[in-house]
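Single-structure report; data block below.
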Amino acid sequence: MPRSRPLRGRYAPSPTGDLHVGNARTALAAWLAARSSDGAFVMRVEDLDPPRVVAGAEERTLDDLRWLGLDWDEGPDVGGPHVPYRQSERTRLYRQALRTLEAAGRLYACTCSRAELRGLLSAPHGPGTEGPPYPGTCRDRGIPVEIDVDASARQRRPALRFRVNPGERVEFDDAVYGETKQDVSADVGDFIVRRSDGLFTYQLAATVDDVAMGISQVVRGADLLHSTPRQILLLRALKAAVPAYGHIPLVLNASGERLAKRTRPTAIRDVRDAGVSPERIVGAMAHTLGLLDRSESVKARDLIEKFRWKKIDREPWLLTRDAVMELGS
Ligand code: GLU
Ligand code: ZN
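Position 277 (the sequence shown) corresponds to 276 in numbering that gives the first Met the number 0; numbering is contiguous.
The structure is reproduced here in structure tokens:
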């Protein structure tokens, strides 16, 4: 009987601040999804955007995840066969991928203004927040594509865009949201893989790393559901296998906004400092994920056998800071 390759899952935090309950809940789901299939779990730090990286955030994030009872087989702190596990140290691979895309005729240089390009490195946050599709202004201008550039030189140069074939449809079966489709050329257009400041974008780096690290199951926040079709187009162009996807619904605050630094989310740090036990917060997260009937204290590892994709609730979790803090009393 052919033996299937063991599942490989991952969590990919951006060290731009302290882990909040929404991030932690996604991490818990990713970990449970991997461990419940006897899979390996990889920790990858997405620190590609130097101005957004906060000193000490990586250590604090990993420490918070461990406090919650999660563990990983590979990562920046434990090593593994795919070192390094920090994106800032993996730029050689991203450059190699650009060469492959260039050889396949899928890259072009773009000199459109900074205003148009703003905000494309950070992981985008759902449909409607990224502006209109790129109109293809530079598509046939034949601006030379330069791959070997030094981002640290802080010099403006043309951005590089991935050429999306018109009408190329993407469909995938998300473990939570079911069949998901997008016409990337109509909705997004040719998208940036390296910015004009020389930094590689999230779309390129995450895709290249998932391939290089042999990731077969991608579990992440539902804010990235809209990025997945672009990543699938990159995978096709790189002739790489498409992993399974599961997007975890977001946690919203009392006003119905997604948790973002700006809306003062509840950090796991604050929960710890308030004396809430890890079992209590894990239980609350598991309950809102649909894995427990009520919010009871539970160890993360005791949830492994309870994990089923079909239980995961598609509704966002409405959360107030008070409700989380009350878990301690
Ligand atoms: N680094 C991204 C984030 O923290 C996650 C990217 C991914 O999982 O693909 O939102
Ligand atoms: Zn352009």
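A virtual CB, placed ideally from N, CA and C, is assigned to each residue, including glycine.
Problem set entry | Pro83 versus Asp147: straight-line alpha-carbon distance, rounded | Counting from 1 along the sequence shown, the entry for residue 83 is found at position 84. Counting from 1 along the sequence shown, the entry for residue 147 is found at position 148. For Pro83 and Asp147, the distance between alpha carbons rounds to 21 Å.
Problem set entry | Coarse secondary structure for Gly282, derived from DSSP in three states | For the purposes of this step, residue 282 is taken as residue 283 along the sequence shown, with counting starting at 1. Here Gly282 sits in helix by DSSP.
For this session: With a threshold of 8 Å, establish whether the CB of Arg65 neighbours any heavy atom of the ligand ZN.
Result: In the sequence shown, the residue the question calls residue 65 occupies position 66. Arg65 Cβ: outside cutoff for every heavy atom of the ligand ZN.
Problem set entry | In DSSP terms, what Gln216 is bridged to | Position 217 of the sequence shown holds residue 216. Gly8 and Ala243.
Problem set entry | CB-CB length for Leu106 against Leu100, believed under 8 Å | The count along the sequence shown starts at 1 and reaches residue 106 at position 107. The count along the sequence shown starts at 1 and reaches residue 100 at position 101. At roughly 5 Å, the Cβ-Cβ gap stays under 8 Å, so Leu106 and Leu100 are in contact.
For this session: Look up Asp186 in the DSSP assignment and say whether it is helix, strand or coil.
Result: Here residue 186 corresponds to residue number 187 of the sequence shown, with the count starting at 1. Here DSSP, grouped into helix, strand and coil, assigns Asp186 to helix.
For this session: Determine the direct distance from the alpha carbon of Asn22 to that of Ala185, and round the result to whole angstroms.
Result: To locate residue 185, count along the sequence shown from 1; it is residue 186. To locate residue 22, count along the sequence shown from 1; it is residue 23. Rounded to whole angstroms, Ala185 to Asn22 spans 31 Å at the Cα level.
Exercise. Thr200: beta carbon under 8 Å from a heavy atom of the ligand FMN?
Worked result: Although the ligand FMN was asked about, the structure shown includes only the ligand GLU and the ligand ZN as ligands.
Exercise. What did DSSP end up calling Val250 once you bin it into helix, strand or coil?
Worked result: Residue mapping note: residue 250 aligns to position 251 of the sequence shown, counting from 1. In this structure, Val250 counts as strand in the three-state DSSP scheme.
For this session: Say yes only if the C-beta of Tyr10 is nearer than 8 Å to one or more non-hydrogen atoms of the ligand GLU, and no if none qualify.
Result: The sequence position of residue 10 within the sequence shown is 11, counting from 1. Indeed, a heavy atom of the ligand GLU lies less than 8 Å from the Cβ.
Exercise. In chain order, what residues of the same chain lie with their CB nearer than 8 Å to the CB of Ile280, ignoring the 5 residues before and after it?
Worked result: Start at 1 with the first residue of the sequence shown, and residue 280 comes out as number 281. These residues qualify, in order along the chain: Val20, Ala23, Leu67, Ile267, Val270, Val323 and Leu326.
Problem set entry | the region 154–161 contacting the region 137–146, beta-carbon criterion three pairs below 8 Å | yes
For this session: Name the residue from Pro12, Val77 and Ala28 whose alpha carbon lies nearest to the alpha carbon of Val52.
Result: Indexing the sequence shown from 1 puts residue 52 at position 53. Checking every option, the nearest Cα to that of Val52 belongs to Pro12.
For this session: Classify Ala29 as buried or exposed, calling it buried when 16 or more other Cβ atoms lie within 10 Å of its own Cβ.
Result: Against the sequence shown, residue 29 aligns to sequence position 30. Under this definition Ala29 is a buried residue.
For this session: Could you tell me which uninterrupted alpha helix (DSSP H) segments, each at least 4 residues in length, are contained entirely in the region 20–57, listed from first to last along the chain?
Result: 20–34
Exercise. Mapping DSSP to helix, strand and coil, what is Gln181?
Worked result: Mapped onto the sequence shown, residue 181 falls at position 182. Residue state, collapsed to three classes: strand.
Problem set entry | Burial state of Asp149, where buried means 16 or more other Cβ atoms lie within 10 Å | For the purposes of this step, residue 149 is taken as the residue at position 150 of the sequence shown. By the neighbour-count rule (16 or more Cβ atoms within 10 Å), Asp149 is not buried but exposed.
Problem set entry | Spatial distance of Glu88 from Pro49 (CA atoms) | Here the question's residue 88 lines up with position 89 in the sequence shown. Here the question's residue 49 lines up with position 50 in the sequence shown. Rounded to the nearest angstrom, the two C-alpha atoms are 12 Å apart.
For this session: Compare the C-alpha of Cys109 against each of Lys305, Gly8, Asp196 and Arg313 and name the closest.
Result: For the purposes of this step, residue 109 is taken as the residue at position 110 of the sequence shown. Nearest C-alpha to Cys109: Asp196.
Exercise. What number of angstroms, rounded off, separates the C-alpha of Pro126 from the C-alpha of Ala152?
Worked result: The sequence position of residue 126 within the sequence shown is 127, counting from 1. The sequence position of residue 152 within the sequence shown is 153, counting from 1. With a pLDDT of only 48 at Pro126, under 50, the local geometry of the prediction cannot be trusted, and the value read off the model is given with reservation. Spanning the two alpha carbons is a distance of roughly 34 Å.
Problem set entry | Separation of Phe190 from His81, as counted between CA atoms | As a working note, residue 81 is residue 82 in the sequence shown. As a working note, residue 190 is residue 191 in the sequence shown. Cα to Cα, His81 sits roughly 27 Å from Phe190.
Exercise. In terms of alpha-carbon separation, which member of Ile303, Gln95 and Arg313 lies closest to Asp70?
Worked result: Translated into positions along the sequence shown, residue 70 becomes position 71. Per the Cα distances, Ile303.
Problem set entry | Whole-number beta carbon distance between Ala204 and Gln86, since they are thought to touch under 8 Å | Indexing the sequence shown from 1 puts residue 86 at position 87. Indexing the sequence shown from 1 puts residue 204 at position 205. Their Cβ separation, rounded to whole angstroms, is 5 Å, which keeps Gln86 and Ala204 in contact under 8 Å.
Exercise. Residues in its own chain within less than 8 Å of Tyr176 by CB, not counting five upstream and five downstream?
Worked result: Counting from 1 along the sequence shown, the entry for residue 176 is found at position 177. If we look at Tyr176 and ignore the five residues flanking it on each side, its Cβ neighbours are Ala221, Leu224, His246 and Arg313.
Exercise. Can you list, in chain order, the residues of its chain whose CB lies under 6 Å from that of Lys305, leaving out five sequence neighbours each side?
Worked result: On the sequence shown, position 306 is the one that residue 305 refers to. Result list for Lys305: Leu290, in chain order.
Problem set entry | Ala56 to Leu27 span [Cα, whole Å] | Start at 1 with the first residue of the sequence shown, and residue 56 comes out as number 57. Start at 1 with the first residue of the sequence shown, and residue 27 comes out as number 28. So the alpha carbons of these two residues sit roughly 19 Å apart.
For this session: Could you please give me the residues that DSSP links to Phe343 through a beta bridge?
Result: Outside the displayed span of the chain (0 to 328) sits residue 343, for which this structure offers no information.
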